[in-house]
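Peer 1: Let me begin by handing over the structure; questions about it come next.
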Amino acid sequence: MGNFHPIRVQTMTTTDTMDTMATVEQSIRCIESGAELVRITAPSKNEAENLLNIKNELRKRGYKTPLVADIHFTPNAAEIAARIVEKVRVNPGNYVDKKKFEQIDYTDAEYAEEIERIRDRFTPLVKICKEYGTAMRIGTNHGSLSDRIMSRYGDTPVGMVESAMEFLRIARNESYHNIILSMKSSNPQVMVQAYRLLVNTMQNEFDACYPLHLGVTEAGDGEDGRIKSAIGIGSLLEDGIGDTIRVSLTEDPEFEIPVCKDLVNRYTNRENLSNQVSVIPPIEKISYSPFEYKRRKSFDIGNIGSKHVPVVVADFMLTEKILHQDLTSVGYSYDEQTDKWNIGDAAADYLYTGNNAVDFALPGTLKVICDYSKWKQLVEETPANAQLNFPLFIGREYLQYGDRSAVLNFVSIDTNTEDAWEILQEIRKDDSIVLCLWSTHPHAMASVRKYIVELSNQDIRCPIILAVESHEKIIDEQLIHFSTDTGALFLDGMGDGIWLMNDPNAIQNTKVRGRTYLEAKNNHQFINNTSFSILQATRTRISKTEYISCPSCGRTLFDLQETTAKIRSVTHHLKGVKIAIMGCIVNGPGEMADADFGYVGSGPGKITLYKGKEVVKRSVDSEVAVQELVNLLKESDAWVEPA
Ligand code: SF4
17 MGNFHPIRVQ
27 TMTTTDTMDT
37 MATVEQSIRC
47 IESGAELVRI
57 TAPSKNEAEN
67 LLNIKNELRK
77 RGYKTPLVAD
87 IHFTPNAAEI
97 AARIVEKVRV
107 NPGNYVDKKK
117 FEQIDYTDAE
127 YAEEIERIRD
137 RFTPLVKICK
147 EYGTAMRIGT
157 NHGSLSDRIM
167 SRYGDTPVGM
177 VESAMEFLRI
187 ARNESYHNII
197 LSMKSSNPQV
207 MVQAYRLLVN
217 TMQNEFDACY
227 PLHLGVTEAG
237 DGEDGRIKSA
247 IGIGSLLEDG
257 IGDTIRVSLT
267 EDPEFEIPVC
277 KDLVNRYTNR
287 ENLSNQVSVI
297 PPIEKISYSP
307 FEYKRRKSFD
317 IGNIGSKHVP
327 VVVADFMLTE
337 KILHQDLTSV
347 GYSYDEQTDK
357 WNIGDAAADY
367 LYTGNNAVDF
377 ALPGTLKVIC
387 DYSKWKQLVE
397 ETPANAQLNF
407 PLFIGREYLQ
417 YGDRSAVLNF
427 VSIDTNTEDA
437 WEILQEIRKD
447 DSIVLCLWST
457 HPHAMASVRK
467 YIVELSNQDI
477 RCPIILAVES
487 HEKIIDEQLI
497 HFSTDTGALF
507 LDGMGDGIWL
517 MNDPNAIQNT
527 KVRGRTYLEA
537 KNNHQFINNT
547 SFSILQATRT
557 RISKTEYISC
567 PSCGRTLFDL
577 QETTAKIRSV
587 THHLKGVKIA
597 IMGCIVNGPG
607 EMADADFGYV
617 GSGPGKITLY
627 KGKEVVKRSV
637 DSEVAVQELV
647 NLLKESDAWV
657 EPA
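Per the numbering used here, the sequence shown starts with residue 17, numbered consecutively.
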């Protein structure tokens, strides 16, 4: 692992570590699915000792896959596990410190004393690892930073990096380098910034980088879990950062592996292309900070750009005759009796109709983009059409045709062409232009990013819609493609809209776990959901409830998949509310990050409910806990009745 070795894929068991056979069987299912490392929780000395039985049984059955012990709070367990398995994971937020959510003002001398205390407690583990040839992951979690780090650096990527660096410096002092690091968060924006900052910090301090394990924690399940993970992990892999990945889904661990593989394959296969494609010119002057979010400055044209949330374009180019009911899939349901539209929270803003027209009155929040020739015909026939229909110029058409909308013109540009750079000189003079950027380059995200950086460097402020067309054959692969190519740019403030396209007839596998898209006619819904989920995951446009659910592990006290589904079924309409569903009270409260409400397992059959970081209801019977959560939402004015 590391350097130029392949990117390794891994997962973590969810069984009770004391149940040797169940853990062995589940590990085997993960290994057979392709896991190259298997992590197992070791919450106390007993579980750490039982790792030997698990390892022996696996080796007896011919499985040599490295095992990793997952440690929180218990140095004693780590010191036992490090003598048994190939790698231990420690969380610098809780290896020595106990979290009490206290704000303490440390003097420099007091802070240095704390570091010495960590050195005393952590060095024995380093020595054991050195002696046994055991590897170590220093795994920081955004949600479980120690009170000491929080007091000095706050809940920030800088704090996450410093938390790991304190441990890394101690290990290096012992000349121990068999180390990998991670900077996980359930918020892909924080996660990406923290990894970049870590690389930068290691490079500056040591003139070298240790390998990195990438992951988005508590990503959830189904499409949302895949999208969040792909945005966080994919954005970094796009930049060549990352040596092993884990996709944390609230699903059985073996289901994580195909998603990991799809992600890794995108980049593994690209290496073979490096000699065959044109090189994207390097960015000479970076126009944004990779370490903090700031939206690119753009004009305000209609409802696009500037401070408007990114718009969503629904592509109906292949639908010759668009009917009222077709729009249900993109958030608009029509009631024939009252002749009224009902508009959902995830309703598209623009409809691209290609060379077709819509022959009925659309809801007021939906406008039409059509090809230039169609637009010209429509406005020549009926001038009032110019208020609702806007032209799309494909590349050079913008230079060739003089007729323009007085309000809003869309220009589609493949940033991998000479034309793109020629057009750039013209668009600087036009403040009615929205650019729809895409690229035929195999490194499409980097190609589009190069172009956007150039726009910023030249102070060209047209709004930008990020357009991606996926030809992947599997739904999961399409999700990953869409998420990485647009998500990486949204995370850096570079998009004012999203436009996703695919060929529904080319999709061979129409299943995403939890949902099935059986027919091509559901494709609009799939694309619309994906667009809004990408915007939600990048926190650029909130349209639904956000779930932060842990993947579960040997500490889990209830059926996370079933409970998550139950909670989702009653709260899915609470737009913008963040609900954490965590399997245990040991790590759950710390790791639920910035959730508004928490549902945390606190004992067999018992749940503790949180509002923010505050305990509101303790030891609630799990039979009534979902209803109690709803009551808490009501008491907190976070509830609305479902439509
Ligand atoms: S929060 Fe979930 S994944 Fe994390 S330790 Fe607890 S049960 Fe395991």
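For each residue, glycine too, the CB sits at the ideal point set by N, CA and C.
Taking the beta strand (DSSP E) that A235 belongs to, which residues open and close that run?
Peer 2: Along the sequence shown, read from residue 1 onward, the residue named residue 235 stands at position 219. Looking at the DSSP string, A235 is not in any beta strand (DSSP E), and its letter there is neither H nor E.
Peer 1: Does any heavy atom of the ligand SF4 sit closer than 8 Å to the C-beta of S60?
Peer 2: The count along the sequence shown starts at 1 and reaches residue 60 at position 44. No.
Peer 1: Taking 8 Å as the cut-off, is the CB of E607 close to at least one heavy atom of the ligand SF4?
Peer 2: Locating residue 607 in the sequence shown gives position 591, where the first residue counts as 1. The answer is yes for E607.
Peer 1: Using the Cα positions of A151 and V142, report the straight-line distance between them to the nearest angstrom.
Peer 2: On the sequence shown, residue 151 is found 135 positions in, with the first residue counted as 1. On the sequence shown, residue 142 is found 126 positions in, with the first residue counted as 1. The alpha-carbon atoms of A151 and V142 are separated by roughly 9 Å.
Peer 1: Between which two residues does the alpha helix (DSSP H) harbouring N62 extend?
Peer 2: The residue labelled residue 62 in the question sits at position 46 within the sequence shown. Here the alpha helix (DSSP H) through N62 covers K61 to K76.
Peer 1: I'd like the ranges of any alpha helix (DSSP H) spanning at least 4 consecutive residues and lying wholly in the region 440 to 501.
Peer 2: Correct list: 460 to 473.
Peer 1: Going by the C-beta, is T57 closer than 8 Å to any heavy atom of the ligand SF4?
Peer 2: The residue labelled residue 57 in the question sits at position 41 within the sequence shown. T57: yes, Cβ under 8 Å from the ligand SF4.
Peer 1: For R412, which option in Q403, D430 and K390 has the closest C-alpha, if you only look at C-alpha atoms?
Peer 2: Reading the sequence shown from its first residue, position 396 is the one you call residue 412. Residue D430 is the option with its Cα nearest to R412.
Peer 1: Would you check if the distance between the CB atom of F613 and the CB atom of L576 is smaller than 9 Å?
Peer 2: Within the sequence shown, numbered from 1, the residue matching residue 613 stands at position 597. Within the sequence shown, numbered from 1, the residue matching residue 576 stands at position 560. No, Cβ-Cβ distance for F613 and L576 is not below 9 Å.
Peer 1: What is the DSSP secondary structure of S294, reduced to helix, strand or coil?
Peer 2: The sequence position of residue 294 within the sequence shown is 278, counting from 1. Residue state, collapsed to three classes: coil.
Peer 1: Under a criterion of Cβ closer than 5 Å to any non-hydrogen atom of the ligand SF4, which residues qualify, in chain order?
Peer 2: In chain order, the qualifying residues are C566, C569, R571, T572, M598, G599, C600, N603 and G604.
Peer 1: Run through the region 338 to 404 for me and flag every whole alpha helix (DSSP H) of 4 or more residues, listed as ranges in chain order.
Peer 2: Counting only runs of 4 or more, we get 388 to 397.
Peer 1: Going by DSSP, what residues sit across from Y563 in a beta bridge?
Peer 2: Your numbering for residue 563 matches position 547 in the sequence shown. DSSP output for Y563 lists I595 as bridge partner(s).
Peer 1: By the three-class DSSP mapping on this structure, what secondary structure does A654 have?
Peer 2: As a working note, residue 654 is residue 638 in the sequence shown. Reduced to three states, the DSSP call for A654 is coil.
Peer 1: Which class does F307 belong to by DSSP, given the choice of helix, strand or coil?
Peer 2: Numbered from its first residue, the sequence shown carries residue 307 at position 291. Of the three classes helix, strand and coil, the one that applies to F307 here is coil, per DSSP.
Peer 1: Comparing alpha-carbon positions, which option in V54, T33, R444 and N19 lies nearest V25?
Peer 2: Residue 25 sits at position 9 when you count from the first residue of the sequence shown. Ranking the options by Cα distance to V25, first place goes to V54.
Peer 1: Closer than 8 Å by C-beta to E336: which residues in its own chain qualify, once you throw out the five before and the five after it? Chain order, please.
Peer 2: As a working note, residue 336 is residue 320 in the sequence shown. Excluding sequence neighbours, E336 sits near N372.
Peer 1: How is D4 classed by DSSP in three states: helix, strand or coil?
Peer 2: One cannot answer for residue 4 here, as it falls past the ends of the chain, which runs 17 to 659.
Peer 1: Is any non-hydrogen atom of the ligand SAM found closer than 8 Å to the C-beta of I144, if you look at the structure I gave you?
Peer 2: As for the ligand SAM, it is missing from this structure, which binds only the ligand SF4.
Peer 1: Check whether the region 446 to 465 touches the region 393 to 403, counting contact only when three or more Cβ pairs, one atom from each stretch, lie closer than 8 Å.
Peer 2: Taking 8 Å as the limit for Cβ pairs, the verdict is that the region 393 to 403 does not touch the region 446 to 465.
Peer 1: Going by alpha carbons, who is nearest to L451 out of L228, V327 and L625?
Peer 2: As a position in the sequence shown, residue 451 is number 435, starting the count at 1. Closest option to L451, Cα to Cα, is V327.
Peer 1: Rounding to the nearest angstrom, what Cα-Cα distance links D365 and M510 in this structure?
Peer 2: Taking the sequence shown and counting its residues from 1, one reaches residue 365 at position 349. Taking the sequence shown and counting its residues from 1, one reaches residue 510 at position 494. The straight-line gap from Cα to Cα measures roughly 19 Å.
Peer 1: The alpha helix (DSSP H) that contains S635, what's its start and end?
Peer 2: What you label residue 635 is simply residue 619 of the sequence shown in a count that begins at 1. Careful: S635 lies outside any alpha helix (DSSP H), inside the beta strand (DSSP E) at E630 to D637.
Peer 1: Drop a sphere of 10 angstroms on the beta-carbon of W10, count the other beta-carbons inside from all chains shown, and report buried for 16 or more, exposed for fewer.
Peer 2: Any question about residue 10 goes unanswered here, given that the chain covers just 17 to 659.
Peer 1: Distance, Cα to Cα, R105 vs I480?
Peer 2: The count along the sequence shown starts at 1 and reaches residue 105 at position 89. The count along the sequence shown starts at 1 and reaches residue 480 at position 464. The straight-line gap from Cα to Cα measures roughly 42 Å.
Peer 1: With DSSP as the reference, please indicate the residues paired to L228 in a beta bridge.
Peer 2: Looking up residue 228 in the sequence shown gives position 212. Beta-bridge pairing links L228 to L197.
Peer 1: I need the DSSP call for L408, collapsed to helix, strand or coil.
Peer 2: Here the question's residue 408 lines up with position 392 in the sequence shown. In the structure shown, L408 sits in a strand (DSSP, three-state: E or B).
Peer 1: Answer with buried or exposed for S305, where buried requires no fewer than 16 other C-beta atoms within 10 angstroms of its C-beta.
Peer 2: To locate residue 305, count along the sequence shown from 1; it is residue 289. It is exposed - the Cβ of S305 has fewer than 16 other Cβ atoms within 10 Å.
Peer 1: Using 9 Å as the threshold, is the C-beta distance between I601 and Y563 below it?
Peer 2: Reading the sequence shown from its first residue, position 585 is the one you call residue 601. Reading the sequence shown from its first residue, position 547 is the one you call residue 563. No. Outside cutoff.
Peer 1: With 16 other CB atoms within 10 Å as the buried threshold, where does H88 fall?
Peer 2: The count along the sequence shown starts at 1 and reaches residue 88 at position 72. When all chains shown are included, H88 counts as buried.
Peer 1: With 16 other CB atoms within 10 Å as the buried threshold, where does S294 fall?
Peer 2: Residue 294 sits at position 278 when you count from the first residue of the sequence shown. Burial call: exposed.
Peer 1: Tell me where the alpha helix (DSSP H) around S179 begins and ends.
Peer 2: The residue you call residue 179 lines up with position 163 of the sequence shown. That run of the alpha helix (DSSP H) goes P173 to N189.
Peer 1: Does DSSP put I299 in a helix, in a strand, or in coil?
Peer 2: Counting from one through the sequence shown, the residue named residue 299 turns up at place 283. Coil, per DSSP.
Peer 1: Taking 9 Å as the cut-off, decide whether the C-beta atoms of N110 and G617 are in contact.
Peer 2: Within the sequence shown, numbered from 1, the residue matching residue 110 stands at position 94. Within the sequence shown, numbered from 1, the residue matching residue 617 stands at position 601. Contact: no.
Peer 1: Go through its chain and collect everything with a Cβ distance to S547's Cβ below 6 Å, but skip five positions before and after it.
Peer 2: Stepping through the sequence shown from its first residue, residue 547 is reached at position 531. Excluding sequence neighbours, S547 sits near V328, I514 and L516.
Peer 1: Once the 5 residues before and after N539 are set aside, which same chain residues still bring their CB inside 6 Å of it?
Peer 2: Residue numbering aside, residue 539 sits at position 523 when the sequence shown is read from its first letter. P520, listed in sequence order.
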